[in-house]
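Enquirer:
In the numbering used here, the protein residues as written are 63 to 634.
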């Protein structure tokens, strides 16, 4: 049983719904911290006066049977208690919570089969939008000719604008899932993606294409910000590694698989079928979601339970620990929508991981953008060619097969993580006296941090020297495996650290991650034209060393102390 605080922490901030300048956010964060400190002082004073400095544990009433925090008297009547903070030795009989630690309605107590079906479904949602992000890459030449596009920048925008939307969508979709639940936000966003992705297939000019790509990316971004929260709802920390391995594979595997299909579509059909085919897949995943993805967010499940109890008992004072009846819905909405900005501006853990994830995701999309040029451009280059450097001169369908190396690398990274992540966590937990820590996810980041630059060096210099095609593919496979190890363990660390606010924390990291995925491909042609594949990828590798080596060390040495100081982190 848990005690009741009359003013939940998450209900303190009252920020404007839409913010347009950064100065406002600086003031908002200051106000947030000031009000949090005031709340903490008030709480401490009350505890000293009423409870000897400790929150009172609820006592068994003895007259009836407990159903969560709602006590049913033997004669069938409802015992109504206070709706505010409980006094010492008293229980809030209006608090609706789980019916004990083994409540089957609690997603963490669901059967393993039901958990895995939900995990697989949300992973499929997370898979389809990254496929769409890169599937058009092999068909860009065909698209630019039909839509009469002359600018290299406009061509790259048709590819990258989809990823730019990933930086925007999770900022409001993630927090909304913490208000309305995960399921319907995911389903509604997928339908939004379907509509505008279909619009891309009917585009008649580059302006329409870029606009529809951005809007479809908004809908497709929801699983990026919400999926980690779903896994946090479902799995205990010591069980989370395998589930997170599957989920984290999808946003990386999707961009690798998309161009393979896109290459053959570009070679044997029309580029518009790139969008029609992904719409068909989106419908299939939508249907799977209706059958296999049930609501997982505890606050939403308990809210529904409360409504059912109100119908049965007529007691309108019932509430959950996640609610503050005295606070308006608009205030809750403003608080939820502002939370990702508060996290990214006040939480060092979120800032470090956002920077690292932004780097690996940006380089991934830069490599994806370089593939059509490397494998399809001829050697020597013809006059007035758009190619930044000589390539292997393969047909688009065959060139698309080189993306298999990325897929194999991601799969290898997933297998390593799935087989070792939970083992390492349990072993370190046992050594720590049976107490788990988020930092037990860090060890697997170190091999990933080493593999990413090694893969980039091998890919770049073998492509520069025009070695056998297998050598650059080995380089990209090593890069992809390291990328997956980094990405998955960063995601798991966030979910473990910010369990209740995992969706908002992941949404906060998505800002830099998606800006990296959007921005890096834009300068790829210019970088390779100036530096070639060798030094161009070496610059990226050195950057990976500068970012990737310090980040895990910071988390390992200082992560626990930073979480203890946080008002959002678990155990903070």
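Beta carbons: idealized from backbone N, C-alpha and C, even for Gly. Nothing here was measured: the structure is a model prediction, and the numbers come from that model.
Determine the closest residue to residue 410 out of 266, 631, 182, 164, with distance taken between C-alpha atoms.
Expert: Comparing Cα positions, the closest option is 631.
Enquirer: Counting C-beta neighbours from all protein chains within 10 Å, is the total for residue 374 16 or more, i.e. buried, or is it exposed?
Expert: Counting Cβ neighbours within 10 Å, residue 374 comes out exposed, since fewer than 16 surround it.
Enquirer: Can you have a look at residue 588 and say buried or exposed, based on whether 16 or more other CB atoms are within 10 angstroms of its CB?
Expert: It is exposed - the Cβ of residue 588 has fewer than 16 other Cβ atoms within 10 Å.
Enquirer: Tell me, please, which residues DSSP counts as bridged to residue 381.
Expert: Looking at the DSSP assignment, residue 381 forms a beta bridge with 157.
Enquirer: For residue 607, count neighbouring Cβ atoms within 10 angstroms of its own Cβ and tell me buried if that reaches 16, exposed if not.
Expert: Classification of residue 607: exposed, given that the 10 Å Cβ count is below 16.
Enquirer: By how many angstroms is the C-alpha of residue 547 removed from the C-alpha of residue 478?
Expert: Their backbone Cα atoms lie some 8 Å apart in a straight line.
Enquirer: In the structure shown, what three-state DSSP assignment does residue 124 receive?
Expert: Residue confidence is low: residue 124 scores 38 on pLDDT, short of 50, so the model does not pin down where it sits. No coordinate-derived value is stated.
Enquirer: I need the boundaries of the alpha helix (DSSP H) containing residue 295, first residue and last residue.
Expert: Segment 284 to 296, the alpha helix (DSSP H) holding residue 295.
Enquirer: In the structure shown, what three-state DSSP assignment does residue 490 receive?
Expert: Looking at residue 490 - three-state DSSP - the assignment turns out to be helix.
Enquirer: Say whether chain D places a C-beta atom closer than 9 Å to the C-beta of residue 500.
Expert: In the structure shown, chain D does not exist; there is a single protein chain.
Enquirer: Which residue's Cα is closest to the Cα of residue 572: 414, 164, 270?
Expert: Cα-wise, what sits closest to residue 572 is 414.
Enquirer: Pick helix, strand or coil for residue 321, following the three-state DSSP scheme.
Expert: Helix, per DSSP.
Enquirer: Contact between the segment 293 to 300 and the segment 263 to 277: three or more CB pairs below 8 Å?
Expert: No, the segment 293 to 300 does not touch the segment 263 to 277.
Enquirer: Below 6 Å CB to CB, which residues in the same chain sit around residue 364 once its five sequence neighbours on both sides are set aside?
Expert: Once the five neighbours on either side are set aside, the close Cβ partners of residue 364 are 158, 382.
Enquirer: With a threshold of 7 Å on Cβ separation, who are the neighbours of residue 424 within its own chain once the five nearest residues in sequence on each side are excluded?
Expert: Within the same chain, residue 424 has close Cβ partners 578, 579, 581, 582.
Enquirer: Give every residue of the same chain whose Cβ lies closer than 7 Å to the Cβ of residue 57, excluding the five residues on either side of it in the sequence, and list them in chain order.
Expert: Nothing about residue 57 can be read from this structure; the chain reaches only from 63 to 634.
Enquirer: For the candidate residues 265, 266, 269, 278, whose alpha-carbon lies nearest to that of residue 257?
Expert: Here the closest residue by C-alpha is 278.
Enquirer: Are at least three pairs of beta-carbons, each pair with one atom in the segment 458 to 469 and one in the segment 318 to 331, less than 8 Å apart?
Expert: Touching, per the Cβ criterion.
Enquirer: Measure the C-alpha to C-alpha separation of residue 70 and residue 403 and round it to an integer number of angstroms.
Expert: Unreliable placement is indicated for residue 70, whose pLDDT of 39 sits below 50; no coordinate value is reported for it.
Enquirer: Let's see if you can read the secondary structure: which residues bound the alpha helix (DSSP H) around residue 204?
Expert: 202 to 208 is the extent of the alpha helix (DSSP H) around residue 204.
Enquirer: Can you tell me which of 154, 204, 498 puts its alpha carbon nearest to the alpha carbon of residue 331?
Expert: When only C-alpha atoms are compared, the closest one is 204.
Enquirer: Helix, strand or coil for residue 443, going by three-state DSSP, please let me know.
Expert: Looking at residue 443 - three-state DSSP - the assignment turns out to be coil, as it is neither helix nor strand.
Enquirer: Please classify residue 176: does DSSP put it in a helix, a strand, or coil?
Expert: Of the three classes helix, strand and coil, the one that applies to residue 176 here is helix, per DSSP.
Enquirer: If we count the other Cβ atoms within 10 Å of its Cβ and call it buried at 16 or more, is residue 153 buried or exposed?
Expert: Result: buried.
Enquirer: Please classify residue 132 as buried or exposed, where buried requires at least 16 other C-beta atoms within 10 Å of its C-beta.
Expert: Reliability fails at residue 132, whose pLDDT of 39 lies under 50, so the model's placement of it is uncertain and the value that follows must be treated cautiously. Its Cβ being crowded by 16 or more others within 10 Å, residue 132 is buried.
Enquirer: For the alpha helix (DSSP H) holding residue 565, just list the boundary residues, first then last.
Expert: Counting along the chain, the alpha helix (DSSP H) containing residue 565 begins and ends at 564 to 610.
Enquirer: Drop a sphere of 10 angstroms on the beta-carbon of residue 121, count the other beta-carbons inside from all chains shown, and report buried for 16 or more, exposed for fewer.
Expert: Note that residue 121 scores a pLDDT of 37, beneath 50, so its modelled location is shaky; the value from the coordinates is reported in the next line. Classification of residue 121: exposed, given that the 10 Å Cβ count is below 16.
Enquirer: Distance, Cα to Cα, residue 480 vs residue 549?
Expert: Those two C-alpha atoms are separated by around 13 Å.
Enquirer: Report yes or no: do the segment 554 to 563 and the segment 208 to 228 share at least 3 C-beta pairs separated by less than 8 Å?
Expert: In short, these stretches do not touch, since the Cβ pair count stays below three.
Enquirer: Whole angstroms is fine: what's the gap from residue 436's alpha carbon to residue 408's?
Expert: The alpha-carbon atoms of residue 436 and residue 408 are separated by roughly 42 Å.
Enquirer: What is the residue span of the alpha helix (DSSP H) that residue 245 lies within?
Expert: Note, residue 245: alpha helix (DSSP H), 244 to 263.
Enquirer: Could you have a look at residue 111 and say whether DSSP puts it in helix, strand or coil?
Expert: Unreliable positioning characterises residue 111 in this predicted model, as indicated by a pLDDT of 42, which lies under 50. The coordinate reading is nonetheless provided below. Helix, per DSSP.
Enquirer: Using C-beta distances below 6 Å, list every residue in its chain close to residue 105, excluding the 5 sequence neighbours before and after it, in chain order.
Expert: A caution first: residue 105 carries a pLDDT of 44, below 50, which makes its placement in the model too unreliable to give a value.
Enquirer: Grouping DSSP H, G and I as helix and E and B as strand, with all else coil, what is residue 214?
Expert: In the structure shown, residue 214 sits in a helix (DSSP, three-state: H, G or I).
Enquirer: For the candidate residues 511, 506, 540, 504, whose alpha-carbon lies nearest to that of residue 521?
Expert: It is 540.
Enquirer: Considering residue 454, what are the terminal residues of the alpha helix (DSSP H) in which it resides?
Expert: Note, residue 454: premise wrong, no alpha helix (DSSP H); not H, not E.
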